[in-house]
Structure formats: structure tokens, C-alpha cells
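Take a look at the structure below.
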Amino acid sequence: MGEASPMYGGLASLTIIANHMAPELLGKDPLDHAVLLDTLWHKCVKLGPEGAATAALAALDVALWDLKGKALELPIYKLLGGAWRKQMPSYASIGGNAWRSIDEVLAIVERRVSKENPAAVKIRWDGDRTKQDVDIAGDIAKARAVRKLLGDDFVLGFDANNGYSVGGAIKVGRALEDLGYTWFEEPIQHYNVSGMGEVAQRLDITVSAGEQTYTLQALKDLINAGVRMVQPDITKMGGITGLMQCAALAHAHGVELVPHQTQPSIGHLANLHVLSTVMHLSKPVELADGWERAGQIFNNPSQAVDGLFALPEAPGLGMEFDAEEMNRRSIPITA
């Protein structure tokens with residue numbers, strides 16, 4: 001089982017798999033994993049290499065690791081070299097705050113914290129990406145209100161979802177520093193790598209980026225620009241193999257690896273296996289909005305218990321899904 005990014009247009013990844021990748025894999029040895037996927041990457045390079053094609057390869061990579069683990073009757077983390085930890089704390093990733101009033105932001109933050117007991121909270125904006133610096137004063141006011149609600153010692157992150165200009169991001173970042181926020185995520189458009197680096201270098205707060213980065217080379221460019229916390233997504237960039245490469249790259253450059261992860265099922269479990277192998281894991285694991293939906297398909301959805309995720313011990317990814325329910329929800333992929 002594998003999972004591609006379901007973000008806007010994500011169905012395109014499954015179409016690419018069905019029409020251009022799966023036929024090339026039929027009859028091949030799944031233990032030739034790296035050769036097979038590198039061949040497909042170069043075969044489909046003109047479809048990207050970023051975006052739908054890369055997410056398709058990520059899904060196949062996770063599926064091949066799952067298959068390998070089941071064949072060898074071992075959980076994936078064992079195949080990756082072993083786990084430093086069997087439990088990982090979660091952080092509540094709370095989106096949609098660009099459209100909420102201060103009272104509405106506080107209500108949903110309070111609800112998530114009381115329900116999940118997270119080690120940290122990240123408030124996300126999810127605003128209109130065609131506009132910049134829409135309500136800087138209002139954004140800072142919401143950040144200030146959340147700090148007051150949760151107290152001075154609670155770990156907080158702020159995800160701008162690419163909402164500011166360089167100047168606007170620096171202004172907001174300085175306010176977040178005064179409020180004691182721990183990280184400032186994607187303050188400007190992700191494709192403006194030099195601008196992201198400028199913001200990162202001019203602020204003391206840790207600036208993070210990388211959830212919309214699809215290749216190891218692009219992640220290297222972010223690090224070289226000055227970003228000190230990188231957030232690639234296992235369902236977008238390389239799957240388990242790709243995220244392990246990102247972990248090595250981050251370790252070599254002395255930056256934090258804190259993967260973006262909004263999928264509560266396959267992508268999430270794959271993410272846990274990789275993060276368990278990271279020696280210096282510096283932040284909790286993302287638990288985004290709508291995580292409850294995994295319970296409708298999986299018999300053993302990975303849910304945080306008292307703020308902690310448990311590492312699966314069964315072979316492969318370690319998940320059990322309801323085949324009847326999965327089939328009921330399936331849709332045909334056409335050319």
C-alpha cells in the first residue's frame with residue numbers, strides 16, 4: 001500500500017501510476033526497488049519532475065517498502081536500521097485561521113488541545129495565495145491571543161502558508177519572536193527560494209520550508225539559502241527512500257528535519273517509521289485537521305493517545321485496512 005499527495009489535483013498522480021508506471025513494474029522483482037523507481041523517474045521526467053509525477057513515485061516507493069517488509073516479516077523501521085524511539089509526541093496542526101475571528105481561533109485551539117494533549121500547537125493560515133500581507137496586524141493579534149491562551153511555556157508554531165512579502169514576513173516574524181513562538185513556517189511563496197533564505201537569515205526565530213519541495217536537489221537549495229528547518233512530505237517527495245535521503249542531507253548540514261504530514265493513514269504510518277530512525281528528532285509529529293477520517297477505512301488507524309504516537313510493530317507499514325470499505329470507496333482511473 002502506498003499513498004500519493006491528495007492535494008489539489010492529486011488524482012493526477014494515480015493516473016500517472018496507472019497509465020505510465022504500473023505497466024513498467026509488472027513482472028519485475030520488487031527487491032530491485034531503487035533501480036525500478038530511478039528508471040521510472042527518468043522515464044517520466046518531462047511530467048515534472050516536480051508535482052504529480054514525484055508524488056506518484058512517492059506512493060510507489062512506500063508501497064514497495066510495505067511489500068518488502070511483509071515479505072521479510074519485519075516492520076519497515078527494522079529494515080531502515082532500527083528505531084531510536086517507539087513513541088513520538090504529536091503536535092496539533094490547526095488550519096483555516098485566516099478566515100476566523102480571534103474568538104473562533106481560540107475556540108478551535110482550546111478544543112484541539114483538550115482533545116489531543118499535544119506537545120505543541122501550530123496555527124495555520126491557509127489564506128488566498130494570490131494575495132500578500134492581507135491582514136498583518138490581525139494575524140499578529142491572533143498569534144498573541146493564542147500565546148495568552150496557552151501560556152508562556154507552551155511550544156507554538158505559526159504557518160503563514162506563503163502569505164507574506166519578504167518585508168511583511170520579517171515584520172510578522174519579529175512579532176512572533178517577541179511572543180516566544182518556536183518556528184515560522186513558509187512565510188513567503190515557496191518558489192522564491194532566495195527570498196525565503198533572506199527571511200530566515202534576518203530573523204532569530206527558526207524559519208521552516210520544504211513541504212512543496214519535490215527533489216533532494218531543491219531541498220539542498222533551500223538549506224543553502226539559509227533555511228534551518230526543512231519539511232519535506234513523504235507523500236510528495238520520494239516516499240520512504242526520499243525522506244531517508246532528506247534526513248541524511250539535513251544531518252549533514254546541521255538543520256532540523258520536521259516533515260510535513262497531513263495524511264492520517266498510509267503517509268502518516270510511513271512517516272512514523274522514518275522518524276523513529278532519526279537520532280536527533282527535534283520536534284513532535286504533525287497531526288493535522290481531519291485525522292479522524294482514517295478510522296473509516298483502517299481497522300487500526302494510528303491515532304495519538306495522550307499526545308503520543310506508537311510505532312507500528314507488524315510487518316511492513318503495520319496497518320490493517322477494511323478491504324470491503326476500501327473497495328466501496330474506490331474510483332476507476334482512466335486515461
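Count the sequence shown with UniProt numbering and you get residues 1 to 335, in order. Where a beta carbon is used, it is the ideal one built from N, C-alpha and C, also for glycine. Computed from a predicted model, the values in this text were never measured in an experiment.
Looking at the strands, I want to know which residues DSSP matches up with residue i.
i           : result
E185        : D159, S208
F309        : M88
E286        : Y91
residue 399 : It is not possible to answer for residue 399, since the shown part of the chain is limited to 1 through 335.
V230        : A209, L257
G316        : P75
State the Cα-Cα distance for the pair residue i and residue j, rounded to the nearest angstrom.
i    : j    : result
A98  : S194 : 26 angstroms
N271 : I136 : 33 angstroms
A4   : A200 : 30 angstroms
H280 : L179 : 26 angstroms
I331 : T241 : 28 angstroms
I223 : V207 : 11 angstroms
P312 : P301 : 10 angstroms
P89  : G82  : 18 angstroms
G27  : D322 : 27 angstroms
H42  : N192 : 26 angstroms
E198 : G173 : 12 angstroms
V35  : E256 : 29 angstroms
L72  : A310 : 22 angstroms
N327 : L14  : 16 angstroms
D153 : K171 : 23 angstroms
V285 : V258 : 8 angstroms
H253 : Y77  : 24 angstroms
I266 : M237 : 15 angstroms
Alpha carbons only, please: which of the options is nearest the one belonging to residue i?
i    : options                : result
D103 : T215, R144, A304       : R144
E325 : I331, L308, A22, Q296  : Q296
Q87  : I331, A56, G307, K115  : G307
T277 : H251, Q263, E177       : H251
L150 : L47, G242, G81, V105   : V105
N117 : A92, W125, G254        : A92
N299 : G290, K46, M229, E320  : E320
K142 : F154, K115, K283, V109 : V109
L249 : K131, M229, L14        : M229
P264 : A294, G254, V285, L11  : A294
R85  : E292, S282, N327       : S282
K68  : H33, L57, S101, G95    : H33
T215 : M196, G239, E292, R100 : G239
A225 : M196, H253, R147, E292 : M196
L57  : K70, T130, H20         : H20
V146 : V113, W291, T130       : V113
D126 : R100, G254, K78        : R100
Taking only heavy atoms of the ligand ATP into account, decide whether any of them is closer than 7 angstroms to the Cβ of residue i.
i   : result
A18 : Although the ligand ATP was asked about, the structure shown includes no ligands whatsoever.
Measuring CB to CB, does residue i end up less than 8 angstroms from residue j?
i    : j    : result
P315 : P75  : yes
A304 : L317 : no
D159 : K122 : yes
A107 : I140 : no
E177 : I205 : yes
V274 : A247 : yes
S165 : D128 : no
A209 : L156 : no
L40  : E24  : yes
R124 : N161 : yes
A59  : T235 : yes
A53  : L47  : yes
I188 : A169 : yes
A63  : M1   : yes
I17  : C44  : no
D66  : L37  : no
T213 : P232 : yes
L80  : M244 : yes
G9   : D289 : no
E211 : H260 : yes
Checklist entry - What are the complete alpha helix (DSSP H) segments, minimum 4 residues, inside the segment 250 to 274? => result none
Checklist entry - At what residue ranges does the segment 50 to 112 contain a whole run of the beta strand (DSSP E), taking only runs of 3 or more? => result Here the runs fully enclosed are 87 to 94.
Checklist entry - Unbroken alpha helix (DSSP H) runs of length 4 or more, entirely within the segment 5 to 50: which are they? => result Runs found: 11 to 16, 22 to 25, 33 to 43.
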